[in-house]
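Numbering (our numbering), first residue to last: 20 to 266.
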Ligand SMILES: Cc1cc2nc3c(=O)[nH]c(=O)nc-3n(C[C@H](O)[C@H](O)[C@H](O)COP(=O)(O)O)c2cc1C
């Protein structure tokens, strides 16, 4: 019989104070960010400090937040997209250890995620799949072939709001970054980290008149294939569609 979730929890909890991890064995820390082709042209995003935002209060954003699955046809501006990317995975500093400090918390500051973005409607951008190069606050073009949006939507069990979104965020967990320190327990921490990221997206979106739908109902195999991830060392852990609200 399949192990119950509670039993699994007990197994993992034995690792809470474990001494055996790649870090404790003296293995080097995995890179903080995935590499990209040196000569690739990056789309540089408006700097976080220059982004103009409508006046809003945190209280109102929290109160108004709700899941939105119907979006208007309006495109996002590059500035709005920059705000959303910075709010969810923006880099604030890099220490000498080296460790990144970001706009979201992460267990042990391991920050295991790379952000892939399905762009459907963003001003001045070709639709397609992009990766956020957070240390440069820029976007890397990954795939602008015609069927990429359909493939990603299909991976998300054909949930219609993916194709209707202005953008859909796809958070890729690079397991080694968290496993390096936390071994078995990393699996739990990466999911907790992902929740913080998506909640920031909900609130940041609210502040610019956008709505979000968190997505965890997806087919791992199809979605990982669409983004070209191996599904074990790296896998999509969470996703979210987003678009301008219908007024
Ligand atoms: C972990 C998680 C996974 C979710 N996955 C989906 C999903 O795949 N599709 C969907 O339409 N909504 C999804 N949702 C949105 C929930 O249905 C929604 O948050 C819930 O109904 C509460 O509504 P509210 O967000 O408006 O308060 C998900 C939410 C969470 C937190």
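Backbone N, C-alpha and C fix where the C-beta goes; we use that ideal spot for every residue, glycine too.
Just the C-alpha distance for residue i and residue j, rounded to the nearest angstrom, thanks.
i	j	result
residue 178	residue 120	34 Å
residue 17	residue 158	It is not possible to answer for residue 17, since the shown part of the chain is limited to 20 through 266.
residue 130	residue 216	10 Å
residue 137	residue 173	13 Å
residue 259	residue 40	32 Å
residue 180	residue 170	14 Å
residue 80	residue 106	14 Å
residue 204	residue 195	12 Å
residue 44	residue 207	21 Å
residue 92	residue 202	44 Å
residue 58	residue 162	16 Å
Let me check understanding here. Comparing Cα to Cα, which of the options lies closest to residue i?
i	options	result
residue 262	45, 72, 39 and 90	90
residue 108	125, 114 and 26	125
residue 233	186, 149 and 56	186
residue 117	123, 182, 50 and 218	50
residue 55	180, 205, 81 and 153	153
residue 133	155, 73 and 143	155
residue 71	101, 160 and 81	101
residue 66	98, 58 and 93	98
residue 151	238, 61, 114 and 255	61
Which stretch, first to last residue, makes up the beta strand (DSSP E) that contains residue i?
i	result
residue 232	229–234
residue 186	186–193
residue 159	157–162
residue 63	61–63
Following the continuous alpha helix (DSSP H) through residue i, name the residue where it begins and the one where it ends.
i	result
residue 139	From DSSP, residue 139 is part of no alpha helix (DSSP H); its letter is neither H nor E.
residue 107	97–108
residue 245	239–246
residue 172	167–174
residue 225	205–225
residue 89	Residue 89 -> no alpha helix (DSSP H), and no H or E assigned at all.
Return yes when the Cβ of residue j is within less than 8 Å of the Cβ of residue i, no when it is not.
i	j	result
residue 221	residue 88	no
residue 141	residue 95	yes
residue 235	residue 103	no
residue 193	residue 53	yes
residue 246	residue 189	yes
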